[in-house]
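Protein chains: 2
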Amino acid sequence: MANNTKNTQSNLDGALFALSLDRGAEASLQAQLCTALRDLLLSQGDFAGTRLPASRKLAQELSVSRMTVTAAYEQLQSEGYLLTRMGGGTYVAQDLPHLAPPAPRADRMPSQDRRQPWLPLSHGVADQNLFPHGQWARHLERAWRSPDAALLARPDPFGWYPLRAAIAEHLRLWRGLDCGPEQILITSGAREAFEIVFRGLLGGMGRSVMEDPGWSPMAGVLAASGSEVLPHRVDAAGLDACALPLDLSAAIVTPSRHYPTGRAMPLPRRIALLDWARSTGALIIEDDYDSEFRYQGQPLPALAGLDGLTQVLYLGSFSKLLSHTLRLGYLVLPVAHIAAARAYVNAVGPRASLIPQPALAGFMASGEFAIHLRRMRRVYGKRQKVLLDALMELDDLLELAPDPSGMHLCLPLRRKAAHALSDQEMVARAKAHGVVSKALSSYAVLPDPPQGLILGYAGFDEPLLRQAAKELIAALRPRL
Amino acid sequence: MANNTKNTQSNLDGALFALSLDRGAEASLQAQLCTALRDLLLSQGDFAGTRLPASRKLAQELSVSRMTVTAAYEQLQSEGYLLTRMGGGTYVAQDLPHLAPPAPRADRMPSQDRRQPWLPLSHGVADQNLFPHGQWARHLERAWRSPDAALLARPDPFGWYPLRAAIAEHLRLWRGLDCGPEQILITSGAREAFEIVFRGLLGGMGRSVMEDPGWSPMAGVLAASGSEVLPHRVDAAGLDACALPLDLSAAIVTPSRHYPTGRAMPLPRRIALLDWARSTGALIIEDDYDSEFRYQGQPLPALAGLDGLTQVLYLGSFSKLLSHTLRLGYLVLPVAHIAAARAYVNAVGPRASLIPQPALAGFMASGEFAIHLRRMRRVYGKRQKVLLDALMELDDLLELAPDPSGMHLCLPLRRKAAHALSDQEMVARAKAHGVVSKALSSYAVLPDPPQGLILGYAGFDEPLLRQAAKELIAALRPRL
Chain A
288 MANNTKNTQS NLDGALFALS LDRGAEASLQ AQLCTALRDL LLSQGDFAGT
338 RLPASRKLAQ ELSVSRMTVT AAYEQLQSEG YLLTRMGGGT YVAQDLPHLA
388 PPAPRADRMP SQDRRQPWLP LSHGVADQNL FPHGQWARHL ERAWRSPDAA
438 LLARPDPFGW YPLRAAIAEH LRLWRGLDCG PEQILITSGA REAFEIVFRG
488 LLGGMGRSVM EDPGWSPMAG VLAASGSEVL PHRVDAAGLD ACALPLDLSA
538 AIVTPSRHYP TGRAMPLPRR IALLDWARST GALIIEDDYD SEFRYQGQPL
588 PALAGLDGLT QVLYLGSFSK LLSHTLRLGY LVLPVAHIAA ARAYVNAVGP
638 RASLIPQPAL AGFMASGEFA IHLRRMRRVY GKRQKVLLDA LMELDDLLEL
688 APDPSGMHLC LPLRRKAAHA LSDQEMVARA KAHGVVSKAL SSYAVLPDPP
738 QGLILGYAGF DEPLLRQAAK ELIAALRPRL
Chain B
288 MANNTKNTQS NLDGALFALS LDRGAEASLQ AQLCTALRDL LLSQGDFAGT
338 RLPASRKLAQ ELSVSRMTVT AAYEQLQSEG YLLTRMGGGT YVAQDLPHLA
388 PPAPRADRMP SQDRRQPWLP LSHGVADQNL FPHGQWARHL ERAWRSPDAA
438 LLARPDPFGW YPLRAAIAEH LRLWRGLDCG PEQILITSGA REAFEIVFRG
488 LLGGMGRSVM EDPGWSPMAG VLAASGSEVL PHRVDAAGLD ACALPLDLSA
538 AIVTPSRHYP TGRAMPLPRR IALLDWARST GALIIEDDYD SEFRYQGQPL
588 PALAGLDGLT QVLYLGSFSK LLSHTLRLGY LVLPVAHIAA ARAYVNAVGP
638 RASLIPQPAL AGFMASGEFA IHLRRMRRVY GKRQKVLLDA LMELDDLLEL
688 APDPSGMHLC LPLRRKAAHA LSDQEMVARA KAHGVVSKAL SSYAVLPDPP
738 QGLILGYAGF DEPLLRQAAK ELIAALRPRL
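Take a look at the structure:
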């Protein structure tokens, strides 16, 4: 039996080492490896229980990065073909998916529709493994087992009131923003929030500015709402109100952490921006997406707090703080705009699902949410440091400065490095090594944009960050 | 003690019978009664445990409809002021909300933000009391306790695959529609589905037609997507393709159950409509919202099935079948349109929450969904009959014909009745009696619309339906 297993293992090793992957093919090396491995296991059923070669070994044999192999193993593991055992090692599962009873099971999805895991160093991804799934599931169960009569009554399109109350409390404690639950509108995300502001409050007319670099899909989102949006170049201190036209209907800003550079807007600029808005009557839309994760220093409170919520609308989201699965965000409205927003959402109807709302309200009211945020702040802070340390070798190419907050680093290219290789070329090279990054210049519309690499660290554990850093160094170093 | 209770009770009765409600006030009689009762209980704390007068008695004393009183009692019950005891009777709660510890509890909402229950005979409301909340909560808990890795991976903007597979199976069995999970796109509701079709597939251009009468907010929804939508008068057999222009980009139809009249489009009209679409290249958008609830006869399969899903896109929703709290719908796409829809949703991102999706997939795959639908079909069928029987007295005003399917009745006004009173006047009178109805003519844009009363029966139990019918008779009868 042991002998038999060993034979099977050398057969499997042999078959795997003999694979040939096509570097010119449209499918990625990882996808090709997945398909080949899947076909191999399905065509020959006798590998059940066999140990797979170590990822390092297989990567060597196939001349691919180790990450390509580990990602393929993970993919097949999530599909049920492979499993890992305590003490290490990846094995072929005993019951391969196709050996399951042939009844049409709705929970078995064809592999081509299986979702890819987030690849390092994707940004904007919360760590899902450290999320307290058990607590969250209990809140869901508790909220819906015998639901509050008000949950089943005619819904308030502003969302579930206790959640709005919990968000108001969160904003007071974490963001220095004093508002009432009646000012909070629950949305299915930033897109809906922008639609409500631009169609509901601004009537789908007028011109606005957004930061450049900035959240690039914004212009398309707003164009769909009938608004023209002008990109406005930011400097190291963010948007400069002195340079803004006087006939705008709104300015969209990320003062707590400029997206994607992570820089905070200093107080004088904030005051200038509020002065501009007050004198021109324009609205300011403050998009605050991950500044709860603050590692050093005292945060400036939200711009909306400084303004006392008169000219500033505040946008928040739970996708980055907790999980993208929620699809819940919120919009904090100045009192003067509540009626118009209510008229608009009454007409178009609510879109955010009610299902997660009472559970999230319970999760927040119980204090588990704050405990989770504080825990993730420690974890993410450590991860940022690990990534920066692991990238030390690239110090001559990238400015490796820590960021006092957030979930990703935006590392500017050093001038001499940028001459040799653009940020977009760097991103392409990293991709070939299995590392997902973003070029700062790809967030800009205006010419001659700043160059930098955007690396997400929040969603990945320390060994994976170190491995990704190694791949990134291998990708950027040999040619320079 | 017993004596004391009795004294308190007669005090409460006295105080209540002495209330004066203002018929000219902007607030409804029900809201006034709620406020008065709440103030009474809060200002005098010694009513705890006291039995309230019977709704019939209080209604008599205050000269309001009994429904006004029962609705007010229900409202205060949902707020925690009142409770009902086994064996009947409504009592003042022992711990009134304001007597709770004064800690800022996020799950306690101010009464002005409490949601109103659905009033009879609101239409489009599923019965929430008969929903298997326990099963549903267990599916939620099971799905998220230790979630499938794919749920936490990069999301497919088309939605959770096992749910799409379960919907495909449901459509095959219940609607005679043969499609694959890859053709199904999960949305946050019909608005998002229309946005995807009109912006993503039609590029926000062109003219379309919708039925008149029809779902009146449609024109606004589509105008926001850049499309012009022309109302087109339907006759008893629905939209007549022979009368359609040849230069349209789409026609939106409800062939299984015309909205809101409930009439089914006969086969010859369906074939003519498909011929028109094939010869002009226009899309047909089939909006199928509640035809799973079929009480008599053999249903025609979905138009999309007759078409083989080439020119027809099919829209479904769970809001009416299950619960409005889900905010989940879906769009079934012809294979040729999948790529364009995918490009669009990839760009704009998914909006339907993932949280309910795996739970709903489990609920459907386990068979509990089908059991629930069959149960509700029996219940709703009986309710329709109860409402029709209870309205028999209005036979000279309304055509009291049963509807073979659906969740509401659309009762046409008899010609001689319509001369005396329009459907909108009837609706206004019914409202004064606490009955919510809709005028068929209010669903029309074109002049000289048909007249009828739309009465929802699905969401209300039989005693409530009989009571509502009585109020409706009282509202319509005295003046004729």
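Chains as they are written, first to last, in this note's numbering: chain A, 288 to 767; chain B, 288 to 767. Glycine included, each C-beta is placed from N, C-alpha and C at the ideal position. Note that the coordinates shown come from a computational prediction; the quantities given were computed from them, not determined experimentally.
Flag this pair as yes or no: are the beta carbons of residue i and residue j separated by less than 7 Å?
{"i": "Q738/A", "j": "L752/A", "result": "no"}
{"i": "G743/B", "j": "H410/B", "result": "yes"}
{"i": "G603/A", "j": "Y582/A", "result": "no"}
{"i": "L306/B", "j": "A318/B", "result": "no"}
{"i": "L351/A", "j": "L316/A", "result": "The sequence shown places Val at residue 351/A, rather than the Leu named in the question. A contact, by the Cβ cut-off of 7 Å."}
{"i": "E247/A", "j": "H720/A", "result": "Since the first residue of chain A shown is 288 and the last is 767, residue 247/A is not available in this structure."}
{"i": "D776/B", "j": "P340/B", "result": "Here chain B covers residues 288 to 767 and nothing more, so residue 776/B does not appear."}
{"i": "G238/A", "j": "W431/A", "result": "For residue 238/A there is no data in the structure shown, the boundaries of chain A being 288 and 767."}
{"i": "V379/A", "j": "A335/A", "result": "yes"}
{"i": "D594/B", "j": "L615/B", "result": "no"}
{"i": "C697/B", "j": "T548/B", "result": "yes"}
{"i": "S495/B", "j": "V521/B", "result": "no"}
Apart from the five residues on each side of it in sequence, which residues of its chain come closer than 6 Å, Cβ to Cβ, to residue i?
{"i": "R261/B", "result": "Outside the shown range of chain B, which is 288 to 767, sits residue 261/B, and nothing can be said about it."}
{"i": "A312/B", "result": "none"}
{"i": "D577/B", "result": "K607, G693, M694"}
{"i": "R489/A", "result": "Note that residue 489/A is Leu in the sequence shown here, rather than Arg. Within the same chain, L489/A has close Cβ partners S536."}
{"i": "V732/B", "result": "D499, P518"}
{"i": "V714/A", "result": "S724, A726"}
Beta-carbon of residue i versus every beta-carbon of chain A: anything under 7 Å?
{"i": "A314/B", "result": "no"}
{"i": "I483/B", "result": "no"}
{"i": "P547/B", "result": "no"}
{"i": "W423/B", "result": "yes"}
{"i": "Q362/B", "result": "no"}
{"i": "E428/B", "result": "yes"}
{"i": "R753/B", "result": "no"}
{"i": "S475/B", "result": "yes"}
{"i": "R556/B", "result": "no"}
{"i": "M439/B", "result": "In the sequence under discussion, the amino acid at residue 439/B is Leu, which differs from the Met named in the question. Yes, L439/B counts as interfacial toward chain A."}
{"i": "R629/B", "result": "no"}
{"i": "P388/B", "result": "With a pLDDT of only 27 at P388/B, under the threshold of 50, the placement of this residue in the model should not be trusted; the figure read from the coordinates follows. No, P388/B does not count as interfacial toward chain A."}
{"i": "A393/B", "result": "Here A393/B scores only 32 on pLDDT, less than 50, and its place in the model should not be relied on; the value that follows carries that caveat. True, the Cβ-Cβ gap to chain A drops below 7 Å."}
Just to make sure I have the definition right: I need the residues of chain B whose C-beta is within less than 7 Å of the C-beta of residue i. Which are they?
{"i": "H611/A", "result": "P442"}
{"i": "H420/A", "result": "W431, R432, S433, P434"}
{"i": "P643/A", "result": "S640, I642"}
Return the chain-ordered list of same chain residues with a C-beta closer than 8 Å to the C-beta of residue i, the five sequence neighbours on each side being excluded.
{"i": "Q399/A", "result": "Low confidence applies to Q399/A: its pLDDT is 44, below 50, so where it sits in the model is not reliable, and the reading given next is rough at best. Answer for Q399/A: no residue qualifies."}
{"i": "R486/B", "result": "S512, G513, Y631"}
{"i": "Q296/A", "result": "T337, R338"}
Going along chain B in order, which residues have a C-beta closer than 9 Å to the C-beta of residue i?
{"i": "R486/A", "result": "A511"}
Please confirm if residue i has its CB atom under 7 Å from at least one CB of chain B.
{"i": "Q403/A", "result": "yes"}
{"i": "R325/A", "result": "no"}
{"i": "Q711/A", "result": "no"}
{"i": "Q415/A", "result": "yes"}
{"i": "R614/A", "result": "yes"}
Whole-angstrom Cβ separation of residue i and residue j, contact assumed at under 8 Å?
{"i": "C466/A", "j": "L460/A", "result": "Contact doesn't hold; Cβ gap of about 12 Å is too wide."}
{"i": "T612/A", "j": "I642/B", "result": "6 Å"}
{"i": "G769/A", "j": "M552/A", "result": "Lying before the first or after the last residue shown, residue 769/A is absent from chain A, which here runs from 288 to 767."}
{"i": "P639/B", "j": "T474/B", "result": "The question names Pro, but residue 639/B in the sequence shown is Ala. Contact holds; Cβ gap of about 6 Å."}
Give me the chain A residues within the contact set of residue i, using Cβ-Cβ distance strictly less than 8 Å, ordered along the chain.
{"i": "E479/B", "result": "R638"}
{"i": "R662/B", "result": "Within 8 Å Cβ-Cβ: nothing; R662/B doesn't reach chain A, min ~18 Å."}
Against residue i, what residues of chain A qualify as contacts under a CB-to-CB distance less than 7 Å, listed in chain order?
{"i": "V673/B", "result": "Per Cβ cutoff of 7 Å: no residues; V673/B is ~22 Å from chain A at best."}
{"i": "V635/B", "result": "R478"}
Which residues in the same chain as residue i place their Cβ atom closer than 7 Å to its Cβ, once the five residues preceding and following it in sequence are excluded?
{"i": "A761/B", "result": "H720"}
{"i": "A648/A", "result": "W447, P449, L450, A453"}
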